[in-house]
Every structure is written in structure tokens, then in C-alpha cells.
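Note that the sequence shown covers residues 31 to 171 in our numbering. The C-beta atom is built at its ideal place from N, Cα and C for all residues, glycine as well.
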Amino acid sequence: MARIENTNLERKYRLKRYFSDSFKRSKVDEYEKNLTTVADICREYEVSKTSVYNWIYKYSRNLSRGTRHVIEMKSDTNKIKELKKKIQDLERIIGQKQLLIDFKDVMIDLAEKEYKVDIKKKLGSKLSSTSGIDEMNTPTK
Numbered sequence: 031m032a033r034i035e036n037t038n039l040e041r042k043y044r045l046k047r048y049f050s051d052s053f054k055r056s057k058v059d060e061y062e063k064n065l066t067t068v069a070d071i072c073r074e075y076e077v078s079k080t081s082v083y084n085w086i087y088k089y090s091r092n093l094s095r096g097t098r099h100v101i102e103m104k105s106d107t108n109k110i111k112e113l114k115k116k117i118q119d120l121e122r123i124i125g126q127k128q129l130l131i132d133f134k135d136v137m138i139d140l141a142e143k144e145y146k147v148d149i150k151k152k153l154g155s156k157l158s159s160t161s162g163i164d165e166m167n168t169p170t171k
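Next comes the structure, spelled out in C-alpha cells:
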């Protein structure tokens, strides 16, 4: 019961404070740039959430009453950007590899036409019949 009486006395004797418009604007700017949160402002300057939200509605360039402000953690945002960049890099690498494969296929087709030899068939049969051992390196009896 004594605790309730103490808080009532504190409220009764607390000075009424006024914050300048420039101060309010600066805190709203910090909030919009995700440098601080409403809870941090309330805690640091001993202001109610209602007051801070009133500042935001009054001085914000982007927010007005009834709109929702979605906040992501900065690390999540950076992680998403890094993952998107990695996806772009991998897609670029895959595209380059596909170009090399297409180029090699065209070169094989041109060589087959020029030399009138079926390189794809010979290449496939050569690999399967020798099983990795050259005829030149086999020991003789």
C-alpha cells in the first residue's frame, strides 16, 4: 500500500515537461531510420508510448494514423540482401557454365562434320570399354 502512495506523490509533484518541436522531429526521424524504437524513446526520456506515437503521427513523413509499421531486425535485412546477391552470383555462374557446354557441343558437331567421324559415339564407347586403363601402359608378358 505504501508503494501506491509513493507513486501517487511522484505523479502529483512531477513537473510538467514540454518538448520542443525540433526535439520531437529528431526523435521521429531516428525512429523512421530504425536507429531507435518507441520503447527506447519512452525509457530514455520518461515519456508515455501514447505521446511518442502522437509525435510520430504528427511529424512523420511516411506514417499516419491507422498504418502499420513493419520492423525487421537489421541482421535479417542484411542476411536477405546477402542471400539475394548470392543467388544472383550463382545464377550468373550457371549461365556461364551453360554457355561453355553449348559451345563445346557446337564445336563437337562442327568437328564431326569436318572430319566425318562420330566423335560422340567414339567418346562414349572408348570410356566404357577401357575402364580407365590405356593400352600403351599395360604390361606385356
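Length of the line joining the Cα atoms of residue i and residue j
| i | j | result |
| --- | --- | --- |
| Y61 | V68 | 7 Å |
| I86 | V58 | 6 Å |
| K151 | M137 | 15 Å |
| I124 | K63 | 37 Å |
| S159 | K109 | Bear in mind that a pLDDT of 49 at S159, under 50, signals an unreliable position, so the number given afterwards is only what the model happens to contain. Approximately 50 Å between the Cα atoms of the pair. |
| F49 | L93 | 21 Å |
| V82 | E74 | 12 Å |
| L120 | Q126 | 10 Å |
| R122 | D135 | 20 Å |
| Y145 | D139 | 10 Å |
| K79 | L129 | 59 Å |
| T107 | T66 | 16 Å |
| S17 | F133 | This structure gives no information on residue 17, because the portion of the chain shown stretches from 31 to 171. |
| E112 | I71 | 31 Å |
| E76 | N84 | 15 Å |
Outcome for residue i when other beta-carbon atoms lying within 10 angstroms are tallied against a minimum of 16
| i | result |
| --- | --- |
| V147 | exposed |
| I117 | exposed |
| K114 | exposed |
| K54 | buried |
Residue i vs residue j beta-carbon contact at 8 Å
| i | j | result |
| --- | --- | --- |
| E142 | I131 | no |
Interface flag, residue i vs chain B, CB-CB below 8 Å
| i | result |
| --- | --- |
| V68 | The displayed structure is made up of one protein chain only, and chain B is not part of it. |
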